[in-house]
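Protein chains: 2
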Amino acid sequence: MNVTLRDELYNHAIEWVHEAGNIIRDKMNDPLDIQTKSNANDLVTKLDKETEQFFVGKIKKTYRDHFVLGEEGYGDDLSSLAGTVWIIDPIDGTMNFVHQKRNFAISVGIYHDGVGEIGIIYDVMANTLYHAKRGEGAYKNDVRLPALMEKTKINEAIIGMNHFWLCENRFVDERAMQQFVKDIRGTRVYGSAALEFAYTAEGIMDGYISMSLSPWDIAAGIVLVNEVGGKTTDIDGNELNMLEKSPILTCNSAFHTKILDNLQKGRK
Amino acid sequence: MNVTLRDELYNHAIEWVHEAGNIIRDKMNDPLDIQTKSNANDLVTKLDKETEQFFVGKIKKTYRDHFVLGEEGYGDDLSSLAGTVWIIDPIDGTMNFVHQKRNFAISVGIYHDGVGEIGIIYDVMANTLYHAKRGEGAYKNDVRLPALMEKTKINEAIIGMNHFWLCENRFVDERAMQQFVKDIRGTRVYGSAALEFAYTAEGIMDGYISMSLSPWDIAAGIVLVNEVGGKTTDIDGNELNMLEKSPILTCNSAFHTKILDNLQKGRK
Numbered sequence: 355m356n357v358t359l360r361d362e363l364y365n366h367a368i369e370w371v372h373e374a375g376n377i378i379r380d381k382m383n384d385p386l387d388i389q390t391k392s393n394a395n396d397l398v399t400k401l402d403k404e405t406e407q408f409f410v411g412k413i414k415k416t417y418r419d420h421f422v423l424g425e426e427g428y429g430d431d432l433s434s435l436a437g438t439v440w441i442i443d444p445i446d447g448t449m450n451f452v453h454q455k456r457n458f459a460i461s462v463g464i465y466h467d468g469v470g471e472i473g474i475i476y477d478v479m480a481n482t483l484y485h486a487k488r489g490e491g492a493y494k495n496d497v498r499l500p501a502l503m504e505k506t507k508i509n510e511a512i513i514g515m516n517h518f519w520l521c522e523n524r525f526v527d528e529r530a531m532q533q534f535v536k537d538i539r540g541t542r543v544y545g546s547a548a549l550e551f552a553y554t555a556e557g558i559m560d561g562y563i564s565m566s567l568s569p570w571d572i573a574a575g576i577v578l579v580n581e582v583g584g585k586t587t588d589i590d591g592n593e594l595n596m597l598e599k600s601p602i603l604t605c606n607s608a609f610h611t612k613i614l615d616n617l618q619k620g621r622k
Numbered sequence: 355m356n357v358t359l360r361d362e363l364y365n366h367a368i369e370w371v372h373e374a375g376n377i378i379r380d381k382m383n384d385p386l387d388i389q390t391k392s393n394a395n396d397l398v399t400k401l402d403k404e405t406e407q408f409f410v411g412k413i414k415k416t417y418r419d420h421f422v423l424g425e426e427g428y429g430d431d432l433s434s435l436a437g438t439v440w441i442i443d444p445i446d447g448t449m450n451f452v453h454q455k456r457n458f459a460i461s462v463g464i465y466h467d468g469v470g471e472i473g474i475i476y477d478v479m480a481n482t483l484y485h486a487k488r489g490e491g492a493y494k495n496d497v498r499l500p501a502l503m504e505k506t507k508i509n510e511a512i513i514g515m516n517h518f519w520l521c522e523n524r525f526v527d528e529r530a531m532q533q534f535v536k537d538i539r540g541t542r543v544y545g546s547a548a549l550e551f552a553y554t555a556e557g558i559m560d561g562y563i564s565m566s567l568s569p570w571d572i573a574a575g576i577v578l579v580n581e582v583g584g585k586t587t588d589i590d591g592n593e594l595n596m597l598e599k600s601p602i603l604t605c606n607s608a609f610h611t612k613i614l615d616n617l618q619k620g621r622k
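Chains as they are written, first to last, in this note's numbering: chain A, 355 to 622; chain B, 355 to 622.
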């Protein structure tokens with residue numbers, strides 16, 4: 355992708371993310387009209403929808419030939435990542451948004467011909483912007499994030515993962531994962547995949563595994579994690595298909611093989 | 355306890371908590387001299403120790419007849435809670451302190467003849483002070499925390515609990531807890547008991563269970579949670595012995611019986 359165009363997209367994306375953040379902060383105490391999607395705990399609110407519509411409107415007006423892949427379905431129905439695709443989660447961590455009124459994020463990834471060029475994750479209530487352009491490093495606000503340390507001891511790792519990994523599930527034997535949590539230093543659950551990617555990029559967690567994430571949950575995060583020397587794959591170590599849901603692993607590269615080995619021990 | 359004296363203690367405690375927070379922020383990028391205690395993941399640093407010594411020094415100089423119960427052992431060796439006892443965790447969430455440089459708290463509870471009179475939990479890096487006096491409500495900074503809503507649906511509850519509840523353990527059958535996490539709306543793991551009590555008091559989580567907490571982990575939190583209509587007991591519903599470690603449940607009172615019932619289903 356042309357660098358001048360990329361810089362322009364990046365500036366627009368950040369401008370719109372901040373505008374969307376302002377709208378969310380202004381309206382978040384209005385009635386949220388909470389609905390559920392795939393299950394009773396998969397929440398969506400009026401503001402998720404309105405925020406996605408805001409982005410789709412801005413993008414389609416400014417870049418007529420760009421595509422949008424968005425969680426709430428106001429974008430395009432894509433069968434390929436050819437061209438320039440904005441992959442957007444208007445409110446990642448909707449359960450936190452509803453119950454906590456914080457700890458949620460706007461996630462915007464911009465991909466060109468399938469390559470992640472720009473990643474932006476905005477923690478709306480903390481007013482913290484994680485952002486990266488491919489090959490130019492990742493930033494938290496104005497501070498460049500250092501490369502992840504070449505840690506090697508899995509028993510000193512903190513891993514983000516929810517509790518379902520330790521219940522009977524279709525991916526791995528839960529007993530292998532019960533052993534895994536005993537072998538590492540600690541686990542964390544924050545309830546926003548985008549923020550958990552950002553925290554991994556920041557090095558405050560060493561990795562994050564999730565059973566089922568959609569492209570909009572991870573598109574921006576992948577770019578951020580790449581820029582600090584991290585790695586994101588499915589739980590078998592394969593490259594991700596960015597048009598499908600996948601079970602994913604993102605982590606400090608130093609731990610990638612070790613975490614994969616643990617997942618493979620119980621892999622069904 | 356005399357109200358004038360209590361107000362004086364409260365003001366001193368808040369002043370010292372802020373001073374200690376300043377010291378921690380100033381020194382946290384110096385070498386931490388990390389050691390381990392009960393196990394390889396039970397971390398302690400020079401700053402945990404120095405911060406506790408700071409509090410013990412201030413308290414003993416100002417209130418010669420008060421006692422201190424502190425995590426790092428610089429206080430008194432108590433066999434009773436008679437008199438006025440400051441129960442202090444200088445850095446609650448030391449793993450977060452070491453790995454994240456945020457998401458840790460100073461916790462100060464002041465008890466008189468066994469009754470929790472004052473609770474202060476200070477999120478040092480967010481500069482957020484949770485504080486309460488018995489019978490006078492709980493506050494987050496200058497804002498009074500509202501009474502917890504009389505929620506009743508356990509399937510809409512967010513519960514803080516670590517992953518060990520879903521591994522074989524000596525308290526409950528892990529399968530009962532695996533079912534429990536499927537029955538509730540969501541789980542969170544933040545890595546600081548004091549903050550998890552504060553979040554419960556704030557209502558951003560509906561409860562928190564932990565297998566083994568010491569008096570300094572919970573002394574301040576109990577006062578906060580009480581003041582918003584929450585309840586803290588051991589996992590059998592019994593009152594806590596504040597001189598011992600216990601498996602604990604703190605929550606919105608509306609959920610207390612329901613969560614206890616779930617714990618009892620698998621109780622060993």
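From the three backbone atoms N, C-alpha and C, an ideal C-beta is built for every residue, glycine too.
Just curious, the alpha helix (DSSP H) that residue i is in, first and last residue?
i        : result
A/THR416 : 400-416
B/LYS462 : Residue identity check: residue 462 of chain B is Val in the sequence provided, not Lys. B/VAL462 -> not in any alpha helix (DSSP H); beta strand (DSSP E) instead, spanning 459-466.
B/ILE377 : 357-381
B/LYS619 : 607-619
A/TRP519 : It is not in any alpha helix (DSSP H) - A/TRP519 carries neither H nor E in the DSSP assignment.
A/ARG529 : 528-537
B/GLY583 : It is not in any alpha helix (DSSP H) - B/GLY583 carries neither H nor E in the DSSP assignment.
A/HIS453 : 448-454
B/THR554 : 547-556
Is the distance from the Cβ of residue i to the Cβ of residue j below 8 Å?
i        : j        : result
A/SER546 : A/ASP446 : yes
B/GLY561 : B/ALA511 : yes
B/GLY470 : B/VAL577 : yes
B/PRO601 : B/MET559 : no
A/ALA548 : A/GLY575 : yes
A/GLN533 : A/LEU520 : no
A/GLY468 : A/LEU435 : yes
A/TYR587 : A/LEU594 : Position check: residue 587 of chain A holds Thr in this sequence, whereas Tyr was assumed. Yes. Within cutoff.
B/THR604 : B/PHE551 : yes
B/ALA460 : B/ARG360 : What sits at residue 460 of chain B in the sequence shown is Ile, not Ala. It is not a contact, given that the beta carbons lie outside the stated cut-off.
A/TRP570 : A/LEU432 : no
A/LEU363 : A/MET382 : no
B/GLY427 : B/ARG529 : no
B/ILE508 : B/ILE563 : no
A/ALA555 : A/TYR484 : yes
B/ALA589 : B/PHE525 : Looking at the sequence itself, residue 589 of chain B is Ile, so the reference to Ala does not match. Yes, the Cβ-Cβ distance between B/ILE589 and B/PHE525 is below 8 Å.
B/GLY489 : B/ARG498 : no
B/ASP696 : B/LYS622 : This structure does not reach residue 696 of chain B, given that chain B is present from 355 up to 622, and the question cannot be answered.
What are the start and end residues of the beta strand (DSSP E) that includes residue i?
i        : result
A/ALA492 : 492-494
A/GLY473 : 469-477
A/ILE388 : Element bounds for A/ILE388: n/a, residue is neither H nor E.
B/GLY437 : Note, B/GLY437: premise wrong, no beta strand (DSSP E); not H, not E.
A/THR482 : 482-487
B/THR541 : 540-542
B/TYR562 : 561-567
A/GLY591 : Run containing A/GLY591: none; DSSP gives neither H nor E here.
B/LEU423 : 421-424
Could you round the C-beta distance between residue i and residue j to whole angstroms and report it? I think they count as a contact, below 8 Å.
i        : j        : result
B/LYS599 : B/LEU567 : 7 Å
B/GLU623 : B/GLU404 : Past the edges of chain B, shown from 355 to 622, lies residue 623 of chain B, and the structure says nothing about it.
Exercise. Touch check for the stretch 534-546 of chain A and the stretch 370-384 of chain B: three-plus C-beta pairs under 8 Å?
Worked result: Touching, no.
Exercise. Per the contact definition of three or more C-beta pairs closer than 8 Å, is the stretch 391-401 of chain B in contact with the stretch 360-369 of chain B?
Worked result: Here the stretch 360-369 of chain B makes no contact with the stretch 391-401 of chain B; the two share fewer than three CB pairs at distances below 8 Å.
For this session: Report yes or no: do three or more beta-carbon pairs, one from the stretch 499-516 of chain B and one from the stretch 574-593 of chain B, lie closer than 8 Å?
Result: Yes, they touch.
For this session: Tell me, please, whether the stretch 430-442 of chain A touches the stretch 460-470 of chain A by the rule of three or more beta-carbon pairs shorter than 8 Å.
Result: Yes: at least three Cβ pairs fall under 8 Å.
For this session: Mind the definition here: the stretch 524-537 of chain B touches the stretch 604-619 of chain B only if three or more C-beta pairs lie below 8 Å; say whether that holds.
Result: The stretch 524-537 of chain B, when compared against the stretch 604-619 of chain B, does touch it at the 8 Å Cβ threshold.
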